[in-house]
Amino acid sequence: MHAAAPYADEVRAALLAHKERGALSLAGPLGTALAGAVRAGLREAWAGAREVGARDADAGGAGAGDVRGRGPVLLVPVPSARRAVRTRGHDPARRIALAAAGELRRTGTSARVLAVLRQRYAVADQSGLDARQRVANLAGALAVAPGGGVLLRGGGALVLVDDLMTTGASLAEAARAVRAASAPAVESRAGPATYGRAKSAVYPAEAGEGREERKTGPRMAGRYGGGGVIREVFCAAVVAASPDSFEINRN
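Listed below in structure tokens is the structure:
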């Protein structure tokens, strides 16, 4: 997981102004910051993919193969609750993701927003919950919209994006929903998909809080096809992370 900045001072003020006070003109600079975090995440993910491909080649496999992906970078925003969107008049993460996709395209990276995640049911306000309570509150709350799985399986790198990460519970639930919708149909040229060694992009569902979170640590997830051909890269990026989680998840 990559964050552009800690959630503090001017960054915190800008995110709150955009999200809660309708300062929609801030979507541009926030999108630029998010695009930087996306680039950093993809650089690390592709470097890991090449390393796996090289190891496969040394072991007599198909070699490094195609590590570029089969389509544009797909930015998948974590959705706001429906009632929050109605109250605010917009979905902040989606708006920033659209700005980030524009910035990525402007600088030569093919990218588009795939807003396929939906809330299956209403959840409690997260603000007063600790890390464990947030995981429990969001468990199973997100799903990919009908037809979205086909789009997710279209190839290229999948990047979960959000404006803010506090404990990682929202990103973890989004990752679960995306994997559930996209994993079954991922295949390689050599046959059914296999999974490479994982370094997780977000907290796993069982991650705890405090010292337990620090023991679990950050891991980045990558999905690889058999025969040394990388079919998909999966990572996460946010504009800002709270100071504690920024330290826990630093790459």
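Numbering (numbering that gives the first Met the number 0), first residue to last: 0 to 250. Note that the Cβ used here is the ideal one computed from N, Cα and C, for glycine as well. Note that the coordinates shown come from a computational prediction; the quantities given were computed from them, not determined experimentally.
| Query | Result |
| --- | --- |
| Alpha carbons only, please: which of Arg42, Thr31 and Asp8 is nearest the one belonging to Leu103? | Thr31 |
| Keeping to the same chain, check which residues put their C-beta closer than 8 Å to that of Ala16; ignore five residues upstream and five downstream. | Ala22 and Leu25 |
| Please work out which residues of its chain come closer than 6 Å, Cβ to Cβ, to Arg94, disregarding the five sequence neighbours upstream and downstream, and give them in chain order. | Ala26 |
| Suppose the cutoff is 8 Å on Cβ atoms and the five residues either side in sequence are ignored; what does the same chain contact list for Ala268 look like? | This structure cannot speak to residue 268, because the chain is shown only from 0 to 250. |
| Ignore the nearest five residues each way along the sequence and tell me which others in Asp90's own chain have a CB closer than 7 Å to its CB. | Pro78, Ser79 and Val84 |
| Identify, in the order they occur along the chain, each residue of the same chain with its Cβ nearer than 6 Å to the Cβ of Gly107, setting aside the five sequence neighbours on each side. | none |
| With hydrogens ignored, establish whether the beta-carbon of Val160 is closer than 6 Å to any heavy atom of the ligand GTP. | With respect to the ligand GTP, the structure shown offers nothing to examine, as it has no ligands at all. |
| With respect to the alpha helix (DSSP H) encompassing Pro91, which residues constitute its N-terminal and C-terminal limits? | Pro91 to Arg105 |
| Hey, Val177 and Leu33: beta-carbon distance below 7 Å or not? | no |
| In the DSSP output, which residue or residues are listed as bridge partners for Arg111? | Leu73 |
| Take Pro5 and list the residues in its own chain whose beta-carbon comes closer than 8 Å to its own, dropping the five residues that flank it on each side. | Ala239, Ala240, Ser241, Pro242 and Phe245 |
| Can you tell which of Ala13, Ala100, Arg105 and His1 has the C-alpha that lies nearest to the C-alpha of Val75? | Ala100 |
| Quick check on DSSP: helix, strand or coil for Arg11? | helix |
| May I ask you to report which of helix, strand or coil DSSP gives Ala156? | coil |
| Give a yes or no on whether the C-beta atoms belonging to Leu137 and Ala168 are separated by under 7 Å. | yes |
| Whose CA, out of Leu97, Ala236, Thr86 and Asp129, lies closest to the CA of Glu19? | Thr86 |
| So the candidates are Ala171, Ala236 and Gly40; which of them puts its Cα closest to the Cα of Ala140? | Ala171 |
| Can you tell me the Cα-Cα spacing of Arg11 and Ala180, whole angstroms? | 33 Å |
| Enumerate in chain order the residues of its own chain whose CB-to-CB distance from Leu163 is below 8 Å, with the five nearest sequence positions on each side excluded. | Tyr6, Leu14, Val237, Val238, Ala239, Ala240 and Ser241 |
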